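Numbering (this note's numbering), first residue to last: 643 to 904.
Following this line, the structure appears as structure tokens:
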């Protein structure tokens with residue numbers, strides 16, 4: 643069996659629970675997606691990456707809040723053999739300039755609200771060949787809709803468990819953010835230990851995390867732990883203030899809530 647983590651976390655759920663809700667948004671358009679829909683969408687995203695000339699092992703930088711497109715890009719890139727790099731959405735233009743240069747990202751996916759902050763970092767960047775904006779898109783730039791239009795589904799590439807699957811960048815509290823490589827097998831290891839043995843996440847759970855998906859903590863909380871058992875995750879794209887988090891808890895009634903000390 644392939645070691646590509648997308649097979650376990652995405653494709654297996656399509657086979658076992660295609661009609662079950664995988665993710666729902668607690669704000670914005672309040673969209674939701676089933677496990678089957680997620681698997682199909684990630685297949686199409688992988689195909690679109692290939693059609694755009696993004697090659698295996700090239701980095702795909704993600705400047706995306708907690709919304710449905712986040713898991714699509716993350717898992718779709720892994721299906722294509724590319725390396726997704728979720729990035730903190732609260733950094734400065736200079737931080738993004740350094741990260742783009744350090745990781746030599748071939749592609750950048752950015753939500754409309756973050757575009758003004760990252761746009762000034764692109765003119766002197768020779769590595770990023772593809773820039774896609776999710777939401778309102780300036781003239782002359784590629785929109786998410788046009789990137790995905792007519793995309794042909796692509797099969798998940800084979801991989802081994804200790805092959806690099808994704809990157810995270812450190813917080814930068816002791817200097818510039820530093821890229822940290824993680825392999826495919828790490829996602830299953832944390833789901834099988836902390837997710838299953840400590841949290842005891844179950845298929846009938848609804849999960850909500852105050853920590854965002856671009857944090858390792860949030861990625862496990864909202865994505866790999868619930869997806870490992872077919873649970874449902876609630877995504878909130880805004881800042882996790884006490885008032886907003888309390889509102890999500892009241893409306894969505896999650897059975898598992900991940901908080902942080904603040």
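Idealized CB from N, CA, C, for every residue including glycine. The structure displayed is predicted, hence computed values, not measured ones.
Considering Cα atoms alone, identify which of 719, 824 and 827 is closest to residue 796.
Indexing the chain shown from 1 puts residue 796 at position 154. Cα-wise, what sits closest to residue 796 is 719.
Note down the Cα distance separating residue 759 from residue 774, rounded to an integer number of angstroms.
For the purposes of this step, residue 759 is taken as residue 117 along the chain shown, with counting starting at 1. For the purposes of this step, residue 774 is taken as residue 132 along the chain shown, with counting starting at 1. The alpha-carbon atoms of residue 759 and residue 774 are separated by roughly 15 Å.
Got a sec, what are the start and stop residues for the alpha helix (DSSP H) residue 900 sits in?
On the chain shown, residue 900 is found 258 positions in, with the first residue counted as 1. Counting along the chain, residue 900 falls outside any alpha helix (DSSP H), though it belongs to the beta strand (DSSP E) covering 898–900.
Please go through the segment 856–903 and give each complete beta strand (DSSP E) segment of 3 or more residues, from N-terminal end onward.
Entirely contained in the segment 856–903, the beta strand (DSSP E) runs reaching 3 residues are, in chain order, 874–877 and 898–900.
Measure the alpha-carbon distance for residue 847 versus residue 732 and round it to whole angstroms.
What you label residue 847 is simply residue 205 of the chain shown in a count that begins at 1. What you label residue 732 is simply residue 90 of the chain shown in a count that begins at 1. Looking at the two C-alpha atoms, the distance is approximately 30 Å.
Can you say whether residue 721 is buried or exposed, counting buried as having 16 or more other CB atoms within 10 angstroms of its CB?
Counted from its first residue, the chain shown places residue 721 at position 79. Per the 10 Å Cβ criterion, buried.
Can you confirm whether the segment 751–768 touches the segment 650–664 when touching is taken to mean that 3 or more C-beta pairs between the two stretches lie within less than 8 Å?
Result no; under three Cβ-Cβ pairs closer than 8 Å.
Going by DSSP in three states, residue 822 sits in which element: helix, strand or coil?
Residue mapping note: residue 822 aligns to position 180 of the chain shown, counting from 1. The answer is strand: DSSP assigns residue 822 an E or B state.
Ignore the nearest five residues each way along the sequence and tell me which others in residue 712's own chain have a CB closer than 6 Å to its CB.
The residue labelled residue 712 in the question sits at position 70 within the chain shown. Cβ neighbours of residue 712 beyond the five flanking positions: 706 and 855.
Could you tell me whether the Cβ atoms of residue 772 and residue 748 are closer together than 8 Å?
Within the chain shown, the letter at position 130 stands for residue 772. Within the chain shown, the letter at position 106 stands for residue 748. Yes.
Could you spell out the range, first to last residue, of the beta strand (DSSP E) harbouring residue 769?
Counting from one through the chain shown, the residue named residue 769 turns up at place 127. Segment: none, residue 769 is in no beta strand (DSSP E) and carries neither H nor E.
Can you tell me where the beta strand (DSSP E) holding residue 701 begins and where it ends?
Numbered from its first residue, the chain shown carries residue 701 at position 59. Per DSSP, residue 701 belongs to the beta strand (DSSP E) from 701–705.
What number of angstroms, rounded off, separates the C-alpha of residue 868 from the C-alpha of residue 817?
As a first step, residue 868 must be located in the chain shown, where it is residue number 226. As a first step, residue 817 must be located in the chain shown, where it is residue number 175. Computed Cα separation, rounded: 33 Å.
Three-state secondary structure (DSSP) at residue 807?
Here residue 807 refers to the residue found at position 165 when the chain shown is read from its first residue. Of the three classes helix, strand and coil, the one that applies to residue 807 here is strand, per DSSP.
If you draw a straight line from the C-alpha of residue 839 to the C-alpha of residue 832, how long is it?
Locating residue 839 in the chain shown gives position 197, where the first residue counts as 1. Locating residue 832 in the chain shown gives position 190, where the first residue counts as 1. So the two alpha carbons sit approximately 10 Å from each other.
Could you tell me whether the Cβ atoms of residue 661 and residue 676 are closer together than 8 Å?
Counting from 1 along the chain shown, the entry for residue 661 is found at position 19. Counting from 1 along the chain shown, the entry for residue 676 is found at position 34. Cβ distance < 8 Å, so residue 661 and residue 676 count as in contact.
Can you check the segment 647–725 for any alpha helix (DSSP H) of at least 4 residues that lies completely inside it and give the ranges in chain order?
Listed in chain order, the complete alpha helix (DSSP H) runs (minimum 4 residues) inside the segment 647–725 are 654–659, 677–693 and 711–721.
Check this for me: beta carbons of residue 850 and residue 822, under 8 Å apart or not?
Within the chain shown, residue 850 is the residue found at index 208, counting from 1. Within the chain shown, residue 822 is the residue found at index 180, counting from 1. No, the Cβ-Cβ distance between residue 850 and residue 822 is not below 8 Å.
Below 6 Å CB to CB, which residues in the same chain sit around residue 790 once its five sequence neighbours on both sides are set aside?
Here the question's residue 790 lines up with position 148 in the chain shown. Excluding residues within five positions, the ones whose Cβ falls inside 6 Å are 690.
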